[in-house]
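**Student:** Structure below; questions to follow.
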Amino acid sequence: MESEITKKFKSTEGSLFIPYISLGDPNYEDSKRWADAIIKGGGDILELGIPFSDPVADGPVIQRAFSRAFMNPFSLEKIFATTRSIKDANPSTPLVYLTYFNPIYHMGIEKFLSAANKAGVSGFIIPDLPFDSPESHELFSKASKYAIDLIHLVTPATEKSRIHKMKKNSSGFIYYVTSFGVTGERKDFSLDLEERIQYVRKDMGLPIAAGFGISTPDQAAKISKFSDGVIIGSSIQKIIEDHGSNLEICAEKLEIYCKSIRSAMR
478 MESEITKKFK STEGSLFIPY ISLGDPNYED SKRWADAIIK GGGDILELGI
528 PFSDPVADGP VIQRAFSRAF MNPFSLEKIF ATTRSIKDAN PSTPLVYLTY
578 FNPIYHMGIE KFLSAANKAG VSGFIIPDLP FDSPESHELF SKASKYAIDL
628 IHLVTPATEK SRIHKMKKNS SGFIYYVTSF GVTGERKDFS LDLEERIQYV
678 RKDMGLPIAA GFGISTPDQA AKISKFSDGV IIGSSIQKII EDHGSNLEIC
728 AEKLEIYCKS IRSAMR
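Residues 478 to 743 (the working numbering) make up the sequence shown, in order.
Structure below.
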């Protein structure tokens, strides 16, 4: 069964814009408003972060977003219900969870997959789950029954032999990490970024979306020339951090920012 994400890449010309928000920051009701504004601003696929106490791949901005989210009553049921509301309001936009493996393991893989499917999610990104672990193989096998993609990360340090092995349990697209370190704005990226993305695309046979550190229209324009997607999280989350206390102003700033990114991309 072809996933919603695969259909989106096939049906969209140029590079896709994949914005990110942390669910529950500053509360779950406002997350729906942020999602609407971001998608209205041109988001093609929306990445939703599930707040987690030990986000090893995330930098200070997203860590603070998770801290604010945890000031609200947290439950996975609330996460799934909020996700369903976002999907109902934006039915043509694929939703992807960025989560760590612990919540999935704690709830149970099959139960989590079923709930995510009912919530309208069509992909998982799990930074702390190695592609060659038994849990990754199990998750990939079971997720395919729901047409949910398992999107793995490739970093500047990932050896070509491991990239090749990753093919057998990857789907949707590959999340290419543009530079070493955690999420957060940067001025420079790996010198061989274009070459590496082209190599991974050819070897994996999947679209390649680049993320970590991209924040400006100029950066998005440059990277979208050779990537199939551009992922932006921290800059969007910083707008919510700075303006989240005012619903209308924050939503307006999110939409304007996303339009500036979308219009700069190929």
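Ideal Cβ placement from N, Cα and C applies to all residues, glycine included.
Quick one: any contact between the region 618-628 and the region 504-519, if contact means 3 or more CB pairs under 8 Å?
**Tutor:** Because the criterion of three Cβ pairs below 8 Å is not met, the region 618-628 and the region 504-519 do not touch.
**Student:** Leaving out five residues before and five after T632 in sequence, what residues of the same chain have Cβ atoms less than 6 Å from its Cβ?
**Tutor:** In the sequence shown, counting from the first residue as 1, residue 632 sits at position 155. Here the set comprises V654.
**Student:** Could you pull out every residue in the same chain whose Cβ sits closer than 6 Å to the Cβ of A596, ignoring the five residues on either side in sequence?
**Tutor:** Taking the first residue of the sequence shown as position 1, residue 596 is located at position 119. Cβ within range, chain order: F557, T560 and R561.
**Student:** May I ask you to list the residues that DSSP assigns as paired with A687?
**Tutor:** Your numbering for residue 687 matches position 210 in the sequence shown. Answer by DSSP bridge pairing, in chain order: Y653 and V707.
**Student:** Counting Cβ pairs, one atom from each stretch, are 3 or more of them under 8 Å apart for the region 541-552 and the region 521-533?
**Tutor:** Result yes; three or more Cβ-Cβ pairs closer than 8 Å.
**Student:** With 16 as the cutoff for other CB atoms within 10 Å, does K702 come out buried or exposed?
**Tutor:** Stepping through the sequence shown from its first residue, residue 702 is reached at position 225. Exposed: under 16 other Cβ atoms inside 10 Å.
**Student:** I'd like the ranges of any alpha helix (DSSP H) spanning at least 4 consecutive residues and lying wholly in the region 550-581.
**Tutor:** As far as the region 550-581 is concerned, its whole alpha helix (DSSP H) runs of at least 4 residues are 553-566.
**Student:** Report the option in K730, P694, S488 and Y582 whose CA atom is closest to the CA atom of S613.
**Tutor:** For this step, residue 613 is matched to residue 136 along the sequence shown. Checked all of K730, P694, S488 and Y582; the closest Cα to S613 is Y582.
**Student:** Select from S648, P571, K485 and V533 the residue whose C-alpha is nearest the C-alpha of F608.
**Tutor:** Locating residue 608 in the sequence shown gives position 131, counting from the first residue. When only C-alpha atoms are compared, the closest one is S648.
**Student:** Apart from the five residues just before and just after K517, which ones in its own chain have a Cβ nearer than 6 Å to its Cβ?
**Tutor:** Position 40 of the sequence shown, counting from 1, holds the residue named residue 517. So the list reads E732, once near-sequence residues are dropped.
**Student:** When DSSP labels each residue in this structure, what does R680 get in the three-state scheme?
**Tutor:** Numbered from its first residue, the sequence shown carries residue 680 at position 203. The sequence as given places Asp at residue 680; Arg does not occur at that position. Helix, per DSSP.
**Student:** Let me check understanding here. Comparing Cα to Cα, which of F551, I539 and K509 lies closest to K564?
**Tutor:** Position 87 of the sequence shown holds residue 564. Out of F551, I539 and K509, K509 has the C-alpha closest to the C-alpha of K564.
**Student:** Give a yes or no on whether the C-beta atoms belonging to G519 and K736 are separated by under 8 Å.
**Tutor:** Reading the sequence shown from its first residue, position 42 is the one you call residue 519. Reading the sequence shown from its first residue, position 259 is the one you call residue 736. Yes, they are a contact pair.
**Student:** Rounded to whole angstroms, what is the Cα-Cα separation between E490 and R673?
**Tutor:** For the purposes of this step, residue 490 is taken as residue 13 along the sequence shown, with counting starting at 1. For the purposes of this step, residue 673 is taken as residue 196 along the sequence shown, with counting starting at 1. Whole-angstrom Cα-Cα distance: 22 Å.
**Student:** How would you call L575, buried or exposed, if buried means at least 16 neighbouring beta carbons within 10 angstroms?
**Tutor:** Translated into positions along the sequence shown, residue 575 becomes position 98. L575 should be labelled buried.
**Student:** Rounding to the nearest angstrom, what Cα-Cα distance links I603 and N723 in this structure?
**Tutor:** On the sequence shown, position 126 is the one that residue 603 refers to. On the sequence shown, position 246 is the one that residue 723 refers to. Taking the straight line joining both Cα atoms gives about 31 Å.
**Student:** Since I believe I628 is in contact with V707 (beta carbons under 8 Å), could you give me their beta-carbon distance rounded to a whole number of angstroms?
**Tutor:** Locating residue 707 in the sequence shown gives position 230, counting from the first residue. Locating residue 628 in the sequence shown gives position 151, counting from the first residue. About 15 Å separates the two Cβ atoms, so there is no contact after all.
**Student:** With a threshold of 8 Å on Cβ separation, who are the neighbours of D705 within its own chain once the five nearest residues in sequence on each side are excluded?
**Tutor:** Numbered from its first residue, the sequence shown carries residue 705 at position 228. Taken in chain order, the residues that qualify are F486, S492, L493, F650, R678, P684, I685 and A686.
**Student:** Would you mind sorting L523 into buried or exposed? The rule is 16 or more other CB atoms within 10 Å of its CB.
**Tutor:** Taking the sequence shown and counting its residues from 1, the one referred to as residue 523 is at position 46. By the neighbour-count rule (16 or more Cβ atoms within 10 Å), L523 is buried.
**Student:** Do G710 and Y577 have their CB atoms nearer than 8 Å?
**Tutor:** Taking the sequence shown and counting its residues from 1, the one referred to as residue 710 is at position 233. Taking the sequence shown and counting its residues from 1, the one referred to as residue 577 is at position 100. Not a contact, by the Cβ cut-off of 8 Å.
**Student:** Which of helix, strand or coil does DSSP assign to F547?
**Tutor:** Against the sequence shown, residue 547 aligns to sequence position 70. DSSP places F547 in coil when its eight states are reduced to three.
**Student:** CB D605 to CB N567, shorter than 8 Å?
**Tutor:** In the sequence shown, residue 605 corresponds to position 128, counting from 1. In the sequence shown, residue 567 corresponds to position 90, counting from 1. No, Cβ-Cβ distance for D605 and N567 is not below 8 Å.
**Student:** Could you tell me whether the Cβ atoms of I439 and I515 are closer together than 8 Å?
**Tutor:** One cannot answer for residue 439 here, as it falls past the ends of the chain, which runs 478 to 743.
**Student:** Compute the distance between the beta-carbons of W511 and A698, then report whether it is under 8 Å.
**Tutor:** In the sequence shown, counting from the first residue as 1, residue 511 sits at position 34. In the sequence shown, counting from the first residue as 1, residue 698 sits at position 221. Against a cut-off of 8 Å, the Cβ pair of A698 and W511 comes out as no contact.
**Student:** If distances are taken between C-alpha atoms only, which option among V538, E481 and G501 comes closest to D719?
**Tutor:** The count along the sequence shown starts at 1 and reaches residue 719 at position 242. That would be V538, whose Cα lies nearest to the Cα of D719.
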